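Trainee: With this note's numbering applied, the sequence shown closes on residue 209, and no number is skipped along the way.
All residues carry an ideal CB built from backbone N, CA and C; glycine is no exception.
What you are looking at is a predicted structure, and each value in this text was computed from that prediction instead of being measured.
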Amino acid sequence: MIERIVAPPLGANVYLILDEKKALVDVGGDFDFIHRAVSGYIDVKELDYIILTHTHFDHASATRDLREVSNAKVMLHEKEYDFAKLQNFSSSFFGINFPPFEADSLLKEGDVIDLGKLKLEVIHTPGHTPGSICLYDEGERLMFTGDTVFPNGGFGRVDFPGGNAVEMIESLKRLSEFDVEIMYPGHDEPVNSANEHVKLALKFARMFL
Ligand SMILES: [Zn+2]
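(1) Around ligand 1, which residues pass a check of Cβ closer than 5 Å to any of its heavy atoms?
(2) In chain order, what residues of the same chain lie with their CB nearer than 8 Å to the CB of Lys119, ignoring the 5 residues before and after it?
(3) Ignoring anything shorter than 3 residues, give me the beta strand (DSSP E) runs that lie fully in the stretch 94-133, in order along the chain.
(4) Quick one: Cα of Val69 to Cα of Lys108, how far?
(5) Would you tell me roughly how many angstroms separate the C-alpha atoms of Pro130 and Leu106, rounded to the nearest one?
(6) Use the C-beta contact count for Phe150: other C-beta atoms within 10 angstroms, 16 or more gives buried, fewer gives exposed.
(7) Thinking C-alpha only, which one of Phe33, Ile182, Thr125 and Asp32 is nearest Leu76?
(8) Start and end of the alpha helix (DSSP H) containing Asn195?
(9) Taking the beta strand (DSSP E) that Leu18 belongs to, which residues open and close that run?
Given below as structure tokens:
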């Protein structure tokens, strides 16, 4: 019920969750691609939610167009939406603009997105961007981690605008306290034994940041 779609232009993971509610976690940067990919599973009009882990263009720049055709509700952390607007929906690092989108629901720490079987708790994990979030389901012990933490000790870059090394370490420390079996990262393959991967990332972040 969780399908991984690797989206252009930079191979960001998009996750299609087929629960009582249908949701996408991130959308990638190519509307035509993601529209086609999702259509392989459901009619895009069945999409209920578009949940953004953060607003870097490789994860989020297809949002406006996908929202328009699907009528899905766009949800992201309130700080991330402010950040995206402040940045004028561009990545000054990559020099790429993307179509500004409307948000339907601004999330904050502790909110729960009820998809049916999955109930995704919002964990605010700044560091990669000011409003990066992870999404945790306690029952299934799974977590979508965006670009905050990756398998094998990887963690998100903190040298883009809005990045913060101190916050990244603090976020990884918090994540290490959750009981997680499966990690669904924003890049690379999903992995089991997620806790071990998160602990390694925390160790490396403390060494290198
Ligand atoms: Zn990113």
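Mentor: The answer reads as follows:
(1) His56 and Asp147
(2) Val112, Ile113, Asp137, Glu138 and Gly139
(3) 105-107, 112-114 and 119-124
(4) 26 Å
(5) 14 Å
(6) buried
(7) Thr125
(8) Ala194 to Phe208
(9) Ala12 to Leu18
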